[in-house]
Each structure stands twice: as structure tokens, then as C-alpha cells.
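Participant: Okay, handing you the structure first.
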Amino acid sequence: METNYTISIYTENSVGLLNRVSAIFQRRHINIISITSSSSEIDDVSRFVIVVSMTEDAVKKVVGQIEKQVEVIKAFYHTDEETIFQESALYKVASNSLFEERHIQNIIKKSHANIVTVNTAFFVIEKTGFRHETEQLYEDLAPYGLMQFVRSGRISVTKSPMNIKALLNKLKD
Amino acid sequence: MIKKQNISGSEALIHCLLAEGVDLIYGYPGGAIMPFYDELYKFQDKLQHVLTRHEQGATHAAQGFARVSGKVGVCVATSGPGATNLVTGIADSMIDSTPMVCITGQVPSHLLGSDAFQETDIIGISTPVTKWNYQITDVKEIPEIMAKAFYIARSGRPGPVLVDITKNAQFDTSDFEYKPCNAVRSYKPTPELNPSDVDAAAAIIVSAKKPLIVWGQGVILGKAEDEFKTFVESSNIPAAWTILGVSALPTSHPLNVGMVGMHGNYGPNVLTNDCDVLIAIGMRFDDRVTGRLDSYAKQAKVIHLEIDPAEVNKNVKADVAVLGDVKQTLPMLTQKVASKPYTEWFDKFKAHDKIEFDEVINNDLNPTKEGLSMAEVLKEINRASNSDAVVVSDVGQHQMIACRYATFNHSKSNITSGGLGTMGFALPAALGAKMGAPEREVVAIIGDGGFQMTIQELGTIFQTQAAVKVVVLNNDFLGMVRQWQQLFFDKRYASTEMVNPDFVKIAEGYFIDAKRVTKRADLGKAVDEMMASDKPYFLEVCVEKEDNVFPMIPSGASVSEIRLS
């Protein structure tokens with residue numbers, strides 16, 4: 001059965017590694033639902049968070065093939081229940097609707113969204129949360145005309161420890 | 174540690190190669206790699222460069238060299254088309270775990286990404302088929318990256334590494350200091366060995382009644398032939414091989430029960446689905462080995478000795494996986510197992526061998542019809558070489574015949590393109606093999622199709638005078654595809670018949686001694702004459718046009734559904 005898995009990969013910070021990692025999904029004809037790459041809790045170590053929908057058997061094999069890449073330190077896969085995850089979304093709305101539509105102000109308040117910036121032409125709202133929350137806000141704002149909408153890939157931390165620092169210390173020896 | 178002051182990147186590259194013990198490289202010059210070639214000119218007494226006639230030839234030659242010597246093969250090409258011509262050989266090395274370092278020139282770094290002349294993104298192109306790759310844009314990076322490249326190529330499960338070097342990095346100068354690489358932080362070449370896995374494996378083996386060993390190239394790559402032989406002999410378990418594993422144990426060894434896989438031997442294939450314990454050693458359960466997976470050794474407990482954790486449970490679920498280098502794990506296992514007679518079990522192999530001999534092998538080796546069989550050519554080569562030759566085969570029917578019938582006394586003797594199935598592999602690989610083991614007889618067995626894919630390397634053989642013996646088994650067909658067309662496509666021979674040139678004349682055009690055999694009566698003498706030559710030699714044997722290779726596991730069938738006709 002296919003389910004969503006969050007694959008977390010700790011890597012060296014090197015050119016071309018994204019290509020190397022994504023090629024592993026490509027050759028198995030797997031569509032990546034979302035991907036983010038950022039710094040991690042360790043200096044000079046990057047962290048990829050990739051969401052895919054696969055069977056557990058397949059995700060295990062993919063993680064094995066990712067982990068054997070030279071510049072990959074460690075790779076894990078987790079179910080939604082095993083992680084704390086969020087996505088961020090930005091909504092750009094014309095300023096006149098903010099001033100003219102009292103509803104919008106209620107929507108923003110109700111959704112616990114933040115207003116990032118306001119000027120005479122437009123304002124930008126930010127909402128971080130689960131997919132259904134950012135989608136709800138999208139639906140609420142859509143009738144007033146969204147000039148732009150964008151949502152980030154999932155970022156997640158795991159409930160169980162990763163112990164990457166210990167692993168790196170061990171590799172150093 | 175080697176130190177030099179203020180030298181060019183090109184010279185630095187040469188010192189890196191020398192420091193790694195490289196004295197032979199294959200390649201083809203061109204614009205973006207010219208500074209390196211200029212430096213090579215100055216170092217030609219220390220570093221021999223073999224000019225192949227195509228960059229693909231350079232990769233296969235480097236592979237042949239690596240496979241026969243156990244060292245890292247090195248090849249060089251220029252940017253753009255030079256680099257892309259390496260891709261087939263790199264992919265072949267990747268899937269067959271061959272240690273290779275490829276150096277490509279690249280346009281100057283200020284032109285990267287600008288669609289400059291002969292610019293191609295070889296890092297992007299080669300990423301999925303390299304173990305590691307890196308683009309050097311700064312002369313200072315050269316020693317560290319080259320050391321890392323060799324270390325990664327040869328350690329753990331070996332593989333190809335590509336280093337792309339911009340032209341400016343070859344020209345620029347810098348101080349040079351070379352330190353060999355022994356570790357890369359994020360890279361674990363050999364997984365941690367867990368002794369309790371060895372115990373668990375041993376416990377299963379000890380209680381086995383019908384155990385079967387299937388070994389692969391991991392035994393050779395791990396330089397564990399002795400440890401393997403000791404394990405086989407002290408456990409007295411029948412051992413079958415994959416085509417990349419074959420020569421790790423002599424063909425004549427009483428416990429060697431033959432080849433597994435699509436065209437393997439009858440006994441080991443059928444009995445894979447009869448054994449109670451399957452001990453896989455340094456092999457990866459390729460689909461050509463397993464046939465239909467859901468009916469592969471389902472009755473057996475599977476023990477998998479493997480260096481690459483990603484191979485464990487990839488195709489066949491292991492009841493016990495013993496991760497690690499077989500050179501370490503095999504002796505640990507040997508200590509815990511004891512020899513048992515397995516008399517009835519061996520009798521089963523003998524019974525199956527008899528069936529295969531009567532229905533297939535006898536006809537192959539001693540044909541009664543007029544046309545020559547491929548197998549009888551191998552029989553003559555075995556006789557004339559005393560089973561001491563390195564046999565390099567291409568891809569197709571002749572390859573399966575070569576792997577089935579060639580006999581070997583020594584390890585690293587069967588060189589073929591296994592995983593990728595690269596036609597055109599054998600001729601340049603044989604050249605590399607001869608240069609990697611000059612003291613050994615090297616015989617290339619090639620079909621008329623594959624021969625013409627890299628036929629230009631006859632020029633390299635002529636120029637180097639490497640005493641390779643090239644045997645083309647000519648049936649005027651792309652025989653393996655024709656066989657499938659006959660068996661599975663109602664004999665619709667779509668584009669498999671070849672109208673061939675006069676191969677002997679072509680070889681003679683390269684001033685290589687050449688002969689053609691069409692009759693059985695002339696075969697033995699022609700093979701003797703070829704083997705007696707101390708120069709390159711070309712022998713064309715015109716064989717029966719529409720012979721088939723059997724046994725055969727049709728694709729999608731189980732190993733036990735192997736067909737004898």
C-alpha cells in the first residue's frame with residue numbers, strides 16, 4: 001500500500017548532490033511530492049526533507065540506495081505519525097480588499113496567519129501549519145482575489161533522535 | 174607524501190596518477206584536455222598512454238585492465254563528445270562494480286554554462302552512472318580530489334569515478350602536496366560486521382540438508398578466492414557461480430556445480446528451487462540469475478554475504494544478511510561449519526548434469542552436423558590454452574557459450590560485460606586485459622555484431638602490438654536476438670541478419686595476422702596456430718547460422734522451468 005513517507009537525508013554540502021539524490025527517484029519513476037534542502041543542526045551538514053508516496057518496501061530500497069551515495073551521511077524514512085512537520089504558505093492579496101472587506105480581517109484572525117507586509121498596492125499573509133490549514137486559508141481568501149500564492153515543501157523533525165553527531169564522531173575515528 | 178612547488182594543474186594530475194601507482198592510461202586527446210596531454214608528453218617514460226580509436230574503447234580497455242589486475246583502470250577524454258563517449262563504459266563499470274577513474278577535460282570555468290564549444294554537462298550526464306564525480310575548477314583542488322577519486326573507486330564495492338577538470342585548472346599553477354586518501358567522512362566503504370549474523374548464518378548452515386552456494390564477483394573483488402575455497406571445501410557444499418564470479422574457483426573443482434541464470438547449467442538452476450539453504454556470496458540476485466522472483470528459492474532459507482547494504486533484500490529477501498567484506502566474513506563462517514557428505518544432494522546434481530550433457534552439452538561440444546558450433550571452438554581454446562587463458566567475451570550467444578564452456582584454472586580470467594550487456598565491450602577490454610596481465614594469454618571471443626561496434630580498436634591493437642588473440646564467431650546474425658525472435662516472435666527476424674564484410678581482410682588491413690576457418694577439420698590447427706603466435710592474431714570462425722543457446726530460462730519463467738530445447 002502506498003503511503004506518504006518523509007525521507008530525511010543528512011549530507012555533505014556539495015554541488016550536484018541534489019541531482020544525485022533526485023536521480024534515484026527518477027530511475028524508479030517516482031514523483032517527488034515535495035523537497036526541501038537546508039542547513040541542519042550540525043555545521044556544514046545539509047538536510048534534505050523529501051516527501052514521497054510509496055510502499056514501505058520501495059521506500060526502504062530507495063533509502064538504501066540514497067544512503068550509499070558517497071556524500072550522504074545518513075538517510076531515514078518516517079511516517080507522518082513519526083514526525084512533526086509543517087509547511088509555510090504565502091498569500092499576496094490586493095490592498096484594497098484588506099481595507100474594503102471586513103471579512104478578510106476576520107479570516108486572518110481566525111486562521112492565526114501573520115501579515116508579513118502591507119503597502120498601498122498589496123499585502124502578504126503568511127501561514128505555517130498543516131496542509132489542510134494552508135489550503136483552508138487559500139479557499140477563504142480565493143474569493144477576494146489572490147494575486148499570488150505559494151507553498152513551501154514540507155519541513156519536518158522526527159520524534160525519535162537521529163544521533164547524527166555521534167555518527168559523525170564515530171566516522172571521524 | 175609528494176611535494177612540488179609551483180607546478181601546473183596538468184603536471185599535478187600526472188603526479189597524482191604516479192602517486193597512485195598508475196603507469197598506464199587509455200585515452201583520446203582533444204581541445205579541453207590538451208594541457209594534460211602536453212604534460213603527458215614530458216612524462217611518457219613513466220606513464221604510458223594508449224591512444225584508443227574511440228573514447229568508448231578507452232573505457233572498456235581500462236575496464237579490462239582493472240578486471241584482470243585488480244587495480245584501478247584510468248581513462249582520459251576531452252570535453253563534450255569525448256566525455257559523452259565515455260558514458261557507456263562508465264555505466265558498464267557501475268553495474269559491474271569495476272574500479273575506474275575517468276578524467277575529462279572541460280571548457281575554462283568562465284565559460285561554464287555558456288554553451289561553449291565542446292561544452293557538455295558531463296557531471297550531470299554521468300551522475301547516475303558514477304559512484305562519485307566531481308568538477309575541478311581550481312588547480313588547488315587537484316591533489317585532494319584525485320586522491321579521493323582513487324580511494325572511492327577502489328574501496329568497498331568498487332565503481333567508476335569521473336573527475337572533470339576545467340582547462341584553466343590544468344593551466345594554472347600552484348604548490349602541490351599529495352596525500353593518499355584513506356577515509357571520507359560521509360562514506361562507509363565496508364559496513365560494520367556483526368558477529369551475531371555470522372552465528373545465525375552458521376546455525377542455519379549446520380542444520381542444512383540440501384545447501385547450495387551461489388557466488389558472484391564479490392569473491393574476486395574482495396580478493397577472497399582462498400577464503401572462499403576454504404569455506405567451500407570445509408563445508409563440502411555444492412557451489413554455483415554467476416558469470417562475473419566464475420573463475421574464483423577452478424572450473425574443475427569437484428564442488429563447482431556450474432553456472433546459474435538464464436543460460437546457466439540445468440542442475441544449479443533447477444536445484445535452486447530444491448535447496449533448503451541458499452548461501453549467496455558477493456552476488457546481487459540479478460534478474461538474469463533469478464528469473465521470476467516470486468518463484469525463486471521460496472522453499473529455502475537465504476543467507477546473503479554482501480558488502481553493499483543496499484543489495485540486501487533488494488531482490489531476494491535474506492533470512493540472514495551477513496554484511497561486510499567476504500574476505501573477513503568467510504573465514505568467520507568457515508570456523509563454524511563442518512563438512513557433511515550430502516550424498517543424495519550431490520547425486521541430484523549428477524543426475525541433472527547427465528540430463529544436460531545428453532540433451533545439450535554433448536551436441537554443443539561434439540556436433541554431428543556439418544556446421545561448426547560455438548562450443549566446439551571454446552573446447553579447442555580450452556585444450557590449446559590448458560584452461561590458463563583469460564577469456565574476454567562480448568555480449569550475446571557467443572558470450573553465453575564462452576561462459577558456459579570456457580574452463581578456468583585461475584581467478585580474474587573471465588572478463589565480460591555482465592550487468593549492462595554492452596556489445597562492443599570485448600575487443601577493447603581484451604586489449605586492456607592483455608596490458609594488465611602481459612604474462613597471460615588473452616583470448617577475446619566476439620560475435621560478428623559486437624565486433625563491428627568497436628572494430629576500430631584493431632588499430633589500437635596493431636599500434637600497441639598487444640598480443641591479443643581475437644576470435645570472431647561469425648553466424649551472420651545478431652544471434653541472441655534472432656534466437657528470441659525464433660522462440661518468442663514466430664521467427665520474424667526483424668533486423669537481425671547481417672551482411673558482413675571480409676573480416677580477415679579488415680584485420681589484414683591493420684597488419685594483424687588473420688585466418689578464417691569454415692570447416693571442423695581445420696579448427697584445431699587454426700586455434701593452435703593462433704595460440705602459438707606471440708603477436709596479435711585474428712581468427713574468424715564461421716559457425717552454424719541458426720544455432721540456439723540452451724538451457725534457457727525464458728524471461729518471466731522460474732529457474733526450475735529452465736528449458737533444454
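Here the protein sequences come in this chain order: A and B. Each step along the first sequence adds one to the number in the numbering used here, with nothing skipped, and position 118 is 118. Each step along the second sequence adds one to the number in the numbering used here, with nothing skipped, and position 398 is 571. Ideal Cβ positions, reconstructed from N, Cα and C, are used throughout, including at glycine.
Which stretch, first to last residue, makes up the beta strand (DSSP E) that contains A:Lys92?
Facilitator: Here residue 92 of chain A refers to the residue found at position 92 of the first sequence. Taken as a continuous stretch (DSSP letters only), the beta strand (DSSP E) holding A:Lys92 covers 83 to 94.
Participant: Are the CB atoms of B:Asp720 and B:Met547 nearer to each other than 8 Å?
Facilitator: Position 547 of the second sequence, counted from the start, is the residue given in the question as residue 720 of chain B. Position 374 of the second sequence, counted from the start, is the residue given in the question as residue 547 of chain B. For B:Asp720 and B:Met547, yes; Cβs fall inside 8 Å.
Participant: Is the Cβ of A:Leu90 closer than 8 Å to any Cβ of chain B?
Facilitator: Taking the first sequence and counting its residues from 1, one reaches residue 90 of chain A at position 90. Chain B contact via Cβ: absent.
Participant: Can you give, in chain order, each stretch of the beta strand (DSSP E) that sits fully within the segment 416 to 480 of chain B and has at least 3 residues?
Facilitator: For the segment 416 to 480 of chain B, whole beta strand (DSSP E) runs of length 3 or above, ordered along the chain, are 429 to 432, 450 to 454, 474 to 479.
Participant: Using a C-beta cutoff of 8 Å, does B:Arg358 count as contacting chain A?
Facilitator: In the second sequence, counting from the first residue as 1, residue 358 of chain B sits at position 185. Yes, B:Arg358 lies at the interface with chain A (some Cβ there is under 8 Å from its Cβ).
Participant: Can you tell me whether B:Gln221 is helix, strand or coil according to DSSP?
Facilitator: Within the second sequence, residue 221 of chain B is the residue found at index 48, counting from 1. Residue state, collapsed to three classes: strand.
Participant: What residues of chain B sit near A:Lys165, judged by a beta carbon separation below 9 Å?
Facilitator: Counted from its first residue, the first sequence places residue 165 of chain A at position 165. The contacting residues do not exist; A:Lys165 stays about 13 Å from chain B at best.
Participant: Pick from A:Tyr5, A:Ser88, A:Asp44: whose alpha carbon is nearest that of A:Asn13?
Facilitator: Position 13 of the first sequence, counting from 1, holds the residue named residue 13 of chain A. Checking every option, the nearest Cα to that of A:Asn13 belongs to A:Asp44.
Participant: Closest Cβ-Cβ distance between B:Ala603 and chain A: below 8 Å?
Facilitator: To locate residue 603 of chain B, count along the second sequence from 1; it is residue 430. No, B:Ala603 does not count as interfacial toward chain A.
Participant: Tell me which residue opens and which closes the alpha helix (DSSP H) that A:Ala23 is part of.
Facilitator: By 1-based counting over the first sequence, the position of residue 23 of chain A is 23. That run of the alpha helix (DSSP H) goes 17 to 27.
Participant: Compute the Euclidean distance between the alpha carbons of B:Ser347 and B:Lys321, then round it to the nearest angstrom.
Facilitator: Stepping through the second sequence from its first residue, residue 347 of chain B is reached at position 174. Stepping through the second sequence from its first residue, residue 321 of chain B is reached at position 148. For B:Ser347 and B:Lys321, the distance between alpha carbons rounds to 19 Å.
Participant: Are B:Gly253 and B:Gln291 close, meaning C-beta to C-beta below 8 Å?
Facilitator: As a first step, residue 253 of chain B must be located in the second sequence, where it is residue number 80. As a first step, residue 291 of chain B must be located in the second sequence, where it is residue number 118. Yes, the pair counts as a contact, with Cβ atoms nearer than the cut-off.
Participant: Opposite B:Leu538 in the DSSP bridges: which residues?
Facilitator: Against the second sequence, residue 538 of chain B aligns to sequence position 365. Answer is none; B:Leu538 lacks a bridge partner.
Participant: Considering only C-alpha positions, which residue in the set B:His426, B:Thr445, B:Arg358 is nearest to B:Lys383?
Facilitator: Counted from its first residue, the second sequence places residue 383 of chain B at position 210. When only C-alpha atoms are compared, the closest one is B:Thr445.
Participant: Let me make sure I understand the geometry here. Which of A:Ile9, A:Ser40, A:Ser111 has the alpha-carbon closest to that of A:Glu67?
Facilitator: One-based indexing of the first sequence puts residue 67 of chain A at position 67. It is A:Ile9.
Participant: Quick one: which chain A residues come within Cβ less than 7 Å of B:Gly139?
Facilitator: The requested residue 139 of chain B is not part of the displayed model; chain B covers only 174 to 738.
Participant: Under 7 Å Cβ to Cβ from B:Pro362, same chain only, skipping five residues before and after it: list those, please.
Facilitator: One-based indexing of the second sequence puts residue 362 of chain B at position 189. Here the set comprises Ser328, Gly329.
Participant: Run through the segment 638 to 721 of chain B for me and flag every whole beta strand (DSSP E) of 3 or more residues, listed as ranges in chain order.
Facilitator: List check, beta strand (DSSP E) in window: 642 to 647, 686 to 690, 710 to 715.
Participant: Can you pull the chain B neighbours of A:Ser70, defined as C-beta to C-beta under 8 Å?
Facilitator: Within the first sequence, numbered from 1, the residue matching residue 70 of chain A stands at position 70. According to the sequence shown, residue 70 of chain A is Val rather than Ser. Correct list: Lys304, Trp305, Ile325, Val357, Ser359, Tyr360.
Participant: Is the Cβ of A:Thr11 closer than 8 Å to any Cβ of chain B?
Facilitator: Working through the first sequence from its first residue, we reach residue 11 of chain A at position 11. At least one chain B Cβ lies under 8 Å of A:Thr11.
Participant: Short check: CB of B:Phe401 to CB of B:Leu503, under 8 Å?
Facilitator: Translated into positions along the second sequence, residue 401 of chain B becomes position 228. Translated into positions along the second sequence, residue 503 of chain B becomes position 330. Cβ distance < 8 Å, so B:Phe401 and B:Leu503 count as in contact.
Participant: Closer than 8 Å, CB to CB, is A:Ile73 near chain B or not?
Facilitator: Indexing the first sequence from 1 puts residue 73 of chain A at position 73. By this cut-off, A:Ile73 is an interface position.
Participant: In the DSSP assignment, find the beta strand (DSSP E) that holds B:Val564 and state where it starts and stops.
Facilitator: In the second sequence, residue 564 of chain B corresponds to position 391, counting from 1. Residues 563 to 566.
Participant: In chain A, what lies closer than 7 Å to B:Lys487 by C-beta?
Facilitator: Mapped onto the second sequence, residue 487 of chain B falls at position 314. Result: Lys61.
Participant: Taking the CB atoms as reference points, tell me whether A:Ser88 and A:Thr128 lie closer together than 8 Å.
Facilitator: Counting from one through the first sequence, the residue named residue 88 of chain A turns up at place 88. Counting from one through the first sequence, the residue named residue 128 of chain A turns up at place 128. Yes.
Participant: Taking Cβ-Cβ distances below 7 Å as the criterion, which residues of the segment 676 to 707 of chain B are in contact with chain A?
Facilitator: Under the 7 Å Cβ criterion, the segment 676 to 707 of chain B contributes no residue.
Participant: Starting from B:Asn306, trace the alpha helix (DSSP H) in both directions and tell me its first and last residue.
Facilitator: Here residue 306 of chain B refers to the residue found at position 133 when the second sequence is read from its first residue. Counting along the chain, B:Asn306 falls outside any alpha helix (DSSP H), though it belongs to the beta strand (DSSP E) covering 305 to 309.
Participant: Are B:Gly455 and B:Trp388 closer than 8 Å when you measure CB to CB?
Facilitator: Within the second sequence, residue 455 of chain B is the residue found at index 282, counting from 1. Within the second sequence, residue 388 of chain B is the residue found at index 215, counting from 1. In this structure, B:Trp388 lies closer than 8 Å to B:Gly455 by Cβ.
Participant: Nearest to B:Thr310 by CA position, among B:Lys215, B:Tyr578, B:Gln279, is which residue?
Facilitator: Counting from one through the second sequence, the residue named residue 310 of chain B turns up at place 137. Per the Cα distances, B:Gln279.
Participant: Work out the CA separation of B:Arg226 and B:Thr633 for me, nearest whole Å.
Facilitator: The residue labelled residue 633 of chain B in the question sits at position 460 within the second sequence. The residue labelled residue 226 of chain B in the question sits at position 53 within the second sequence. Approximately 7 Å between the Cα atoms of the pair.
Participant: Could you round the C-beta distance between B:Val716 and B:Asn647 to whole angstroms and report it? I think they count as a contact, below 8 Å.
Facilitator: Looking up residue 716 of chain B in the second sequence gives position 543. Looking up residue 647 of chain B in the second sequence gives position 474. Contact flag correct, Cβ pair sits at about 7 Å.
Participant: If you follow the alpha helix (DSSP H) that A:Asn106 is in, where does it begin and where does it stop?
Facilitator: For this step, residue 106 of chain A is matched to residue 106 along the first sequence. Counting along the chain, the alpha helix (DSSP H) containing A:Asn106 begins and ends at 102 to 111.
Participant: How big is the Cα-Cα spacing for B:Ala742 and B:Val493?
Facilitator: Here chain B comprises residues numbered 174 to 738, so residue 742 of chain B is not present and cannot be evaluated.
Participant: Anything in chain A within Cβ reach of B:Leu481, meaning under 9 Å, just list it in chain order.
Facilitator: Translated into the one-based positions of the second sequence, residue 481 of chain B becomes position 308. Just to set this straight, residue 481 of chain B is Asp in the shown sequence, not Leu. Going along chain A in sequence order, the residues near B:Asp481 (Cβ under 9 Å) are Gly64, Lys68.
Participant: How about B:Thr300: is its C-beta nearer than 8 Å to some C-beta of chain A?
Facilitator: Taking the second sequence and counting its residues from 1, one reaches residue 300 of chain B at position 127. B:Thr300 counts as touching chain A.
Participant: So A:Gly19 contacts chain B; which residues on that side make the cut at Cβ distance below 7 Å?
Facilitator: By one-based count along the first sequence, residue 19 of chain A stands at place 19. Gly is not the amino acid found at residue 19 of chain A; the sequence shown has Asn there. Within 7 Å Cβ-Cβ: Gly297, Thr300.
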